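Written below as structure tokens is the structure these notes are about.
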Amino acid sequence: MHKVFPTNLRRLVHHYPSTSRAAEALGINRQQLSKYLSGLSMPSLATLRNIAAHFELEPDDLLLPAERFAARWRPPMRIKGLPTQMQQVITALLQNTVQTRSILARFCGCYHVCTPLRSNPDRIGRAYTVISQEGDLTLIKTIMYATSQGALVRSRHPIKVNGIAQWLWERIYITDVQNVGHPNARLQSIALYPPALPSTPFLTGMLMTSNNALTRPIYSMPIVFKRLPGRIPQKADLAACGVFSRDDPRLDPEMMALLDADASPR
Numbered sequence: 130m131h132k133v134f135p136t137n138l139r140r141l142v143h144h145y146p147s148t149s150r151a152a153e154a155l156g157i158n159r160q161q162l163s164k165y166l167s168g169l170s171m172p173s174l175a176t177l178r179n180i181a182a183h184f185e186l187e188p189d190d191l192l193l194p195a196e197r198f199a200a201r202w203r204p205p206m207r208i209k210g211l212p213t214q215m216q217q218v219i220t221a222l223l224q225n226t227v228q229t230r231s232i233l234a235r236f237c238g239c240y241h242v243c244t245p246l247r248s249n250p251d252r253i254g255r256a257y258t259v260i261s262q263e264g265d266l267t268l269i270k271t272i273m274y275a276t277s278q279g280a281l282v283r284s285r286h287p288i289k290v291n292g293i294a295q296w297l298w299e300r301i302y303i304t305d306v307q308n309v310g311h312p313n314a315r316l317q318s319i320a321l322y323p324p325a326l327p328s329t330p331f332l333t334g335m336l337m338t339s340n341n342a343l344t345r346p347i348y349s350m351p352i353v354f355k356r357l358p359g360r361i362p363q364k365a366d367l368a369a370c371g372v373f374s375r376d377d378p379r380l381d382p383e384m385m386a387l388l389d390a391d392a393s394p395r
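Here is the structure:
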């Protein structure tokens, strides 16, 4: 315990700007905390419990071997230099990603995503999306093709969009951006409703996007995610993306029925 506890405690305290700030947050005398960190002294059981509770851990976690402790505790994400009010907003969002990570984990995988095109609702765009987790974040990576399906993959220019997911009020909220700072910049939000039955492979919802807002209005569309087998991206699923006529037999009839059941494009 005298060997592993100081190592684990140093990992925790490292995320404070100074030992003094850490001692203040923990309610411990700075000199005493320094003794704990150096291994010259061990805290009482009550103090050990207080330290563990502060970091949302169990006392036994602090006595795990360093490798196991590193896997048990991940440092909180922080963004520095923001105004106080904005810092509170960002912190709340980051904390929510940590707290809801396990809920979002069950939605990780590969998807085909279908939505009508705003320029022509009789045309359906099918994209390829991967939902994955890195650390405490749930990430969304989407590849779309502006040209019709059927052209050779190498001849089609892919549009790649990255986003982040949140779980709020029994819904999945996705925010992604593309080409920020450029004339063709896009900000997009998606709200998805998880199915009542976990075995159902579809997520339905609404997409709201602003694409080059100086020339195009904000608009919304129904959107459907269909989960694909496996969690590893497949070239065939990627090649099957593009733009289709609404009555194209290559489109999933169930996805089309769900799109039609949602609100019409506006």
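Number 204 in my numbering belongs to position 75 of the sequence shown; there are no gaps in the numbering.
Glycine included, each C-beta is placed from N, C-alpha and C at the ideal position.
On a predicted model such as this, the values are computed, not experimentally measured, just so you know.
Which same chain residues, not among the five before or five after residue i, have their C-beta less than 7 Å away from its C-beta?
| i | result |
| --- | --- |
| R178 | P188 |
| P135 | Y165, L166, S167 and G168 |
| D377 | none |
| S401 | No statement about residue 401 is possible, as the shown extent of the chain runs from 130 to 395 and does not include it. |
| G264 | R203 |
| G210 | none |
Considering only DSSP beta bridges, list what residue i is partnered with.
| i | result |
| --- | --- |
| Y240 | T258 and R356 |
| S318 | T304 and M337 |
| K270 | V259 and N291 |
| P378 | P378 is not bridged to any residue. |
| G371 | R255 |
| G146 | Per the sequence shown, the amino acid found at residue 146 is Pro instead of Gly. Answer by DSSP bridge pairing: none, since P146 is not bridged. |
| N249 | L246 |
| L233 | For L233, which the question treats as bridged, DSSP gives no partner whatsoever. |
| Y348 | T338 |
| L297 | R300 |
| L332 | F354 |
Would residue i and residue j be called neighbours here (beta carbons separated by less than 7 Å)?
| i | j | result |
| --- | --- | --- |
| I352 | T229 | no |
| I232 | W298 | no |
| F354 | Y240 | yes |
| A294 | T271 | no |
| T226 | L192 | no |
| I253 | R375 | yes |
| L162 | A154 | no |
| P323 | R356 | no |
Rounding to the nearest angstrom, what Cα-Cα distance links residue i and residue j in this structure?
| i | j | result |
| --- | --- | --- |
| G371 | V259 | 16 Å |
| Q262 | L268 | 6 Å |
| P204 | L388 | 41 Å |
| A368 | L380 | 14 Å |
| R300 | Q224 | 17 Å |
| R140 | T333 | 42 Å |
| V133 | A200 | 14 Å |
| I122 | R159 | Lying before the first or after the last residue shown, residue 122 is absent from the chain, which here runs from 130 to 395. |
| P362 | I180 | 43 Å |
| R360 | T176 | 44 Å |
| A390 | Y145 | 51 Å |
| H143 | R235 | 32 Å |
| A314 | V290 | 11 Å |
| S147 | G292 | 34 Å |
| A365 | V242 | 15 Å |
| E185 | W202 | 9 Å |
| G238 | P212 | 36 Å |
| P358 | H183 | 41 Å |
| G279 | L326 | With a pLDDT of 47 at G279, under the threshold of 50, the modelled position of that residue is not reliable, and no figure is offered here. |
| I214 | M385 | The sequence as given places Gln at residue 214; Ile does not occur at that position. Between Q214 and M385, the C-alpha separation is close to 43 Å. |
| L281 | E196 | For L281, the predicted model reports a pLDDT of 47, less than 50, meaning its position is unreliable and no value from the coordinates is stated. |
Can you name, in chain order, every residue of its own chain whose Cβ lies under 6 Å from the Cβ of residue i, other than the five neighbours on each side?
| i | result |
| --- | --- |
| F198 | N137 |
| S328 | none |
| E383 | none |
By Cβ distance below 8 Å, which residues in the same chain neighbour residue i in space, the five residues on each side in sequence not counted?
| i | result |
| --- | --- |
| L246 | R252, I253, G254 and V372 |
| L174 | P188 |
| P194 | V133 |
* Asked: Is the region 315–334 touching the region 289–305 in the sense that three or more CB pairs, one from each, lie closer than 8 Å?
  -> Yes: the two stretches touch, three or more of their Cβ pairs being nearer than 8 Å.
* Asked: Would the region 218–226 and the region 164–178 be scored as touching if the rule is three or more Cβ pairs under 8 Å?
  -> Touching, no.
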